[in-house]
Ligand SMILES: Cc1cc2nc3c(=O)[nH]c(=O)nc-3n(C[C@H](O)[C@H](O)[C@H](O)COP(=O)(O)OP(=O)(O)OC[C@H]3O[C@@H](n4cnc5c(N)ncnc54)[C@H](O)[C@@H]3O)c2cc1C
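Residue numbers (this note's numbering): 1 to 401.
This is the structure we're talking about:
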């Protein structure tokens with residue numbers, strides 16, 4: 001018997017989609033296949049944990065729309081499911097005339113995206129909100145929060161089990177073929193059949209699309225993001241979140257300081273090209289995946305454009321003082337000795353053949369499947385809204401349940 005729907009990937013997007021589908025069609029026969037021993041072991045459990053409010057995104061983009069709607073739903077979900085979170089806001093600080101100009105644009109975007117309480121603040125008010133932060137100009141975003149998205153992902157898995165869906169772990173997908181009106185999916189623990197498939201495989205989403213015969217318009221490139229943990233004695237220097245003004249030419253937000261719901265404070269993440277899709281260690285190399293990345297025409301074009309910032313990021317990853325220098329631009333009182341542990345996440349960033357990084361979410365439907373091919377930050381914040389949107393697309397497919 002074929003399942004109504006198979007979802008590949010037990011990260012926050014796959015599970016949010018499953019939850020939305022089960023809510024729309026109670027009694028649906030839905031199976032999630034996850035390759036790891038548990039859910040949320042990759043991007044969803046290894047990120048900054050910031051509940052973004054929608055400040056950065058181009059008005060009218062999917063990111064802006066789904067982030068603004070999704071963050072409100074996420075706060076409600078956390079309350080309902082007793083997932084600890086904070087809503088302490090954040091400051092984005094400028095330290096030069098060019099950064100002040102960029103802050104103007106951020107403010108404009110934030111207002112266009114309808115952010116509640118967004119305010120330009122002077123140095124006096126900055127000192128009241130974040131006494132240790134250094135900036136000549138700043139934006140205060142009171143609606144930003146923090147959560148452990150790993151907790152959210154596990155809570156989502158509980159709702160799926162409660163609503164009659166099933167999550168099968170140790171089920172890495174290896175093959176797929178469509179025959180007799182259904183997909184046959186070969187995975188590490190056996191085989192499953194499903195009438196429709198939703199591909200939410202994160203760092204491997206383009207590979208799964210390939211397996212399913214889709215000519216993916218993008219290739220996933222893994223970017224490692226490293227964090228340094230601030231020792232308990234220095235945590236008081238950061239009350240909520242302190243961000244730099246992002247460089248508009250780069251797709252990442254820059255090293256920032258964030259207080260997590262458990263009170264720990266972290267600096268990061270940087271953005272270094274990883275030598276493996278799940279390359280959490282600096283020297284984790286998977287030759288096949290590395291070759292796949294560097295032989296891709298888009299990668300060569302990207303490297304030509306960004307080789308300088310790429311080298312800078314590698315230097316910052318290798319030499320702790322460079323990393324610490326960036327964090328100290330935000331909070332000068334932090335000392336090198338205040339940074340202790342280190343941990344890492346890897347971003348799945350979609351790259352186009354022309355060498356441009358896909359900025360917005362990329363979701364590609366076919367007649368019998370939906371492929372989520374780019375769901376970078378604020379994907380976790382927006383996951384419940386993304387899940388609802390994908391669920392609607394699944395229901396609209398010709399063979400939708
Ligand atoms: C360093 C970093 C910082 C970030 N910071 C933030 C932030 O502060 N706020 C925010 O909103 N977002 C942030 N993000 C983005 C956010 O984490 C992602 O948007 C989100 O987690 C994507 O979820 P996902 O389910 O698509 O991917 P994942 O969580 O990676 O899930 C994909 C799942 O698919 C599984 N899988 C892969 N291949 C197969 C296969 N063949 N068979 C079966 N299963 C498979 C994987 O094991 C994994 O569990 C950050 C990301 C990173 C990496």
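C-beta atoms are modelled at their ideal positions from N, C-alpha and C, and glycine is treated no differently.
Item, Value
"Check whether residue 263 and residue 255 have beta carbons under 8 Å apart", "no"
"Counterpart residues of residue 196 in DSSP-defined beta bridges", "5"
"Among 214, 78, 134 and 182, the one whose alpha carbon lies nearest that of residue 155", "78"
"Those residues which DSSP pairs with residue 327 across a bridge", "DSSP output for residue 327 lists no bridge partner at all."
"Residue 109: first and last residue of the uninterrupted alpha helix (DSSP H) it sits in", "97-112"
"Secondary structure of residue 189, DSSP reduced to three states", "coil"
"Proximal residues to residue 367 (C-beta, below 7 Å), its chain only, five neighbours per side dropped", "397 and 398"
"Contact test: residue 78 Cβ vs ligand 1 heavy atom, cutoff 7 Å", "no"
"Three-way DSSP call (helix, strand, coil) for residue 254 in this model", "coil"
"Distance, residue 136 Cα to residue 201 Cα", "42 Å"
"Residue 335 classed as buried or exposed, judged by whether at least 16 other C-beta atoms fall within 10 angstroms", "exposed"
"Local Cβ density within 10 Å of residue 376, reported as buried at 16 or more and exposed below that", "buried"
"Straight-line Cα distance separating residue 272 from residue 310", "7 Å"
"C-beta contact flag for residue 261 and residue 146 at 8 Å", "yes"
"Selection from 242, 164 and 132 that minimises the alpha carbon distance to residue 124", "132"
"C-alpha gap between residue 113 and residue 93, whole angstroms", "20 Å"
"Limits of the alpha helix (DSSP H) - the one that residue 298 falls within", "297-318"
"Integer-rounded CB distance, given that residue 12 should sit under 8 Å from residue 383", "4 Å"
"For residue 351 and residue 357, the rounded distance between their alpha carbons", "5 Å"
"Simplified DSSP state of residue 291, which is helix, strand or coil", "helix"
"Cβ neighbours of residue 140 in the same chain (closer than 7 Å, five flanking residues each side left out)", "89, 91, 119, 121 and 129"
"Whole-number beta carbon distance between residue 196 and residue 386, since they are thought to touch under 8 Å", "Not confirmed; about 17 Å, so no contact."
"Rounded C-alpha distance that separates residue 229 from residue 245", "21 Å"
"Cβ pair residue 303, residue 289 closer than 8 Å", "no"
"The stretch 50-66 / the stretch 102-111 touching (three or more Cβ pairs under 8 Å)", "yes"
"Contact test: residue 170 Cβ vs ligand 1 heavy atom, cutoff 7 Å", "no"
"Near ligand 1: residue 229 beta-carbon under 7 Å from a heavy atom", "no"
"Length of the line joining the Cα atoms of residue 34 and residue 17", "14 Å"
"Minimum C-alpha distance to residue 337 - residue among 101, 328 and 67", "328"
"Exposed unless 16 or more other CB atoms sit within 10 angstroms - verdict on residue 406", "Because the chain here runs from 1 to 401, residue 406 falls outside it and cannot be looked at."
"Heavy atom of ligand 1 within 7 Å of residue 44 beta-carbon", "yes"
"Selection from 331, 240 and 270 that minimises the alpha carbon distance to residue 316", "270"
"Alpha-carbon to alpha-carbon, residue 280 and residue 163", "34 Å"
"Member of 148, 369, 206 and 374 whose CA lies at the smallest distance from the CA of residue 359", "374"
"Boundaries (first-last residue) of the alpha helix (DSSP H) holding residue 63", "62-80"
"Cβ pair count under 8 Å reaching 3, the stretch 340-347 against the stretch 223-239", "yes"
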